[in-house]
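Colleague: Following this message is one structure expressed as structure tokens.
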Amino acid sequence: MTSRPQRPPQAASVRPQADVTTYRGHVLTPRDDSGWADWHDGRLDVQDGRIVYAGPWTAPGRGSTPHRRFTDLRPHILFPGLVDTHAHVPQLPICGVHPESLLEWLRKWTFPLERRFRGERALTLSRDFMHEMLVQGTTTAALYTSAWPDSVEAGFAAAEEVGIHAWIGPPLMDDGAYRRVTTKRVLDEASALAKLDRPKLRFAVTPRFALSCTRELLEGCGDLARRKNLPIQTHLAEQQAECQAVRERFGQEYLEVYEEAGLVTPRSLFAHSIWLTAREWQHLAPCAIAHCPTSNVFLGSGVMNWQRAQVARVGLGSDVGAGPDLSIFRVARMSWTVHLLDGRAPSPAELLRAATVGGAQALGFDDVGSLEKGKAADFIVLDARQIVPAGAPTAGSTEDLLSRILHRAGRSAVKQVFVSGVLRHERR
Ligand SMILES: [Zn+2]
């Protein structure tokens, strides 16, 4: 790490100009609208936690900025912080345990674990979770806590400590729940927790999934989100048996149940979205989808239709604890694999876009997901030696590099993680 130079004393009435830190390295980023920027010798300037310059290397001019620090990261790769659009904070300890089916897995493993996720334990484990997310290179996420209100406060506190952008919400349940509550109490608690909502950390109205909710609760969730202009996250059409159970209970298609409750909006994010009809796909157009292929393979759920999903905004989700870990690189790679076996794989550029700026757009965070002027300086440094094997031709194309990142990047390739310009993790 570079050290901060001593500042000359400032007159009290003059607000000191914030330091600019200049990073030199290989800058690779999707652009907000489309395409990628790839500067082999690139420069990223950060001031007050925001990017003030991203582009090819030029030596900084003298005199214009009095306090400038310089960090040379060559030959490593500066890449946007990853976005995880679906994960459950309490579930990290059950990653990888052998599943039977979704409903059985929830009953046997998930609910007993979540029931104990409260108080000090929730705060400690939330901090552990945020740390592990950063180690994996993720700096923005949509998260479920447990159904206990203090687990939501713990999630907000832990997220704020590391400065990430996030959606956070408790899985709202009034049917088969692991705590005894009335529908009114669930809604009153959610309404009270909505005071935590702020621009970087959104309180998300989170009905767990249709089978955990009465129609009254689903309607109450739609009403709360509308009144307070809150985002909505839930699960949709993950397994066929689940869809069948929804049809039997509600007498409707899955998405129709949510539509009738006012839960299908431009601020809504649906995890999985596998077993959908053509009509349901059409109606998802204004919404966002969290594509969770590692979880879908683990629980034998199926393969989401990548082509059809493009009607909506698509991000990637680890779905920890059904996903094996919090690696969004692994999720992107698994998506490539299942879709290749299914007929046609998305390109590395498409998948890594979904892993970064696509995910940010799914969550409505305009100021993260890519390394562009004006955005928060949320970036990771990828170890070039782990991405590009020794002896490889040096002048590869952007497509080649994206392919290498998709297929080779993982936890150990993440050297450093910056959130709003602050170094939050450094690999030892
Ligand atoms: Zn989930």
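In my numbering, the protein residues as written are 1 to 428.
A virtual CB, placed ideally from N, CA and C, is assigned to each residue, including glycine.
Quick caveat, the model's predicted, so the values are computed rather than measured.
For residue 26, which beta-bridge partners are listed by DSSP?
Modeller: 77
Colleague: Are residue 19 and residue 69 close, meaning C-beta to C-beta below 8 Å?
Modeller: yes
Colleague: DSSP on residue 366, reduced to helix/strand/coil?
Modeller: Correct three-state label for residue 366: coil.
Colleague: My guess is that residue 87 and residue 143 are in contact by the Cβ rule of under 8 Å, so how many angstroms apart are they, rounded?
Modeller: Correct: roughly 6 Å between the Cβ atoms.
Colleague: Listed in chain order, which residues are found with a beta carbon closer than 6 Å to a heavy atom of ligand 1?
Modeller: Matched residues: 86, 88, 235, 271 and 319.
Colleague: Determine the DSSP secondary structure at residue 241, reduced to helix, strand or coil.
Modeller: For residue 241, the secondary structure class from DSSP, reduced to helix, strand or coil, is helix.
Colleague: If we count the other Cβ atoms within 10 Å of its Cβ and call it buried at 16 or more, is residue 185 buried or exposed?
Modeller: exposed
Colleague: State the beta-bridge partners of residue 314 as determined by DSSP.
Modeller: 289
Colleague: What is the DSSP secondary structure of residue 128, reduced to helix, strand or coil?
Modeller: The answer is helix: DSSP assigns residue 128 an H, G or I state.
Colleague: Please state the DSSP three-state secondary structure of residue 58.
Modeller: Coil at residue 58, not helix or strand.
Colleague: Compare the Cα-Cα distances from residue 343 to each of 362, 79, 314 and 305 and report the closest residue.
Modeller: 305
Colleague: To the nearest angstrom, how far is the alpha carbon of residue 242 from that of residue 336?
Modeller: 26 Å
Colleague: Roughly how many angstroms lie between the CA atoms of residue 98 and residue 322, to the nearest whole one?
Modeller: 10 Å
Colleague: In angstroms with no decimal places, state the Cα-to-Cα distance between residue 436 and residue 377.
Modeller: The chain is shown only over 1 to 428; residue 436 falls outside these bounds and no answer can be derived.
Colleague: Helix, strand or coil, according to DSSP, for residue 70 in the structure here?
Modeller: Strand.
Colleague: Comparing C-alpha positions only, which one of 205, 258, 222 and 389 sits nearest to residue 211?
Modeller: 258
Colleague: With a Cβ-Cβ cutoff of 8 Å, do residue 26 and residue 77 count as a contact?
Modeller: yes
Colleague: Classify residue 35 as buried or exposed, calling it buried when 16 or more other Cβ atoms lie within 10 Å of its own Cβ.
Modeller: exposed
Colleague: Can you list, in chain order, the residues of its chain with a C-beta nearer than 8 Å to that of residue 224? Leave out the 5 residues immediately preceding and following it.
Modeller: Non-local beta-carbon contacts of residue 224 in its own chain, meaning distances under 8 Å to residues more than five positions away in sequence, involve 187, 190, 191, 194, 205 and 230 in chain order.
Colleague: For residue 167, write down the residues that DSSP places opposite it in a beta bridge.
Modeller: Answer is 142 and 202.
Colleague: Alpha carbon to alpha carbon, what distance is there between residue 237 and residue 390?
Modeller: Those two C-alpha atoms are separated by around 44 Å.
Colleague: Are residue 384 and residue 352 close, meaning C-beta to C-beta below 8 Å?
Modeller: No; because the gap between Cβ atoms is not below 8 Å, this pair is not in contact.
Colleague: So what does DSSP say about residue 387, is it helix, strand or coil?
Modeller: helix
Colleague: Looking only at its chain, what residues have a beta carbon closer than 7 Å to the beta carbon of residue 159, apart from the 5 residues adjacent to it on each side?
Modeller: Excluding sequence neighbours, residue 159 sits near 130, 166, 168 and 201.
Colleague: Since residue 335 is in the alpha helix (DSSP H), which residue starts that stretch and which ends it?
Modeller: 328-341
Colleague: Under 8 Å between the Cβ atoms of residue 303 and residue 362?
Modeller: no
Colleague: Enumerate in chain order the residues of its own chain whose CB-to-CB distance from residue 413 is below 7 Å, with the five nearest sequence positions on each side excluded.
Modeller: 382, 383, 386 and 387
Colleague: Assuming residue 43 contacts residue 24 (C-beta within less than 8 Å), just tell me the rounded distance between them.
Modeller: Taking a contact as a CB-CB distance under 8 Å, the pair residue 43 and residue 24 counts as one, their CB atoms being some 6 Å apart.
Colleague: Where does residue 53 fall in DSSP's three states?
Modeller: strand
Colleague: Express the C-alpha separation of residue 56 and residue 177 in angstroms, rounding to a whole number.
Modeller: 54 Å
Colleague: Exposed or buried, residue 114, counting other C-beta atoms within 10 Å across all chains shown (16 or more means buried)?
Modeller: buried
Colleague: Please confirm whether residue 290 and residue 271 have their CB atoms less than 8 Å apart.
Modeller: Less than 8 Å separates the beta-carbon of residue 290 from that of residue 271.
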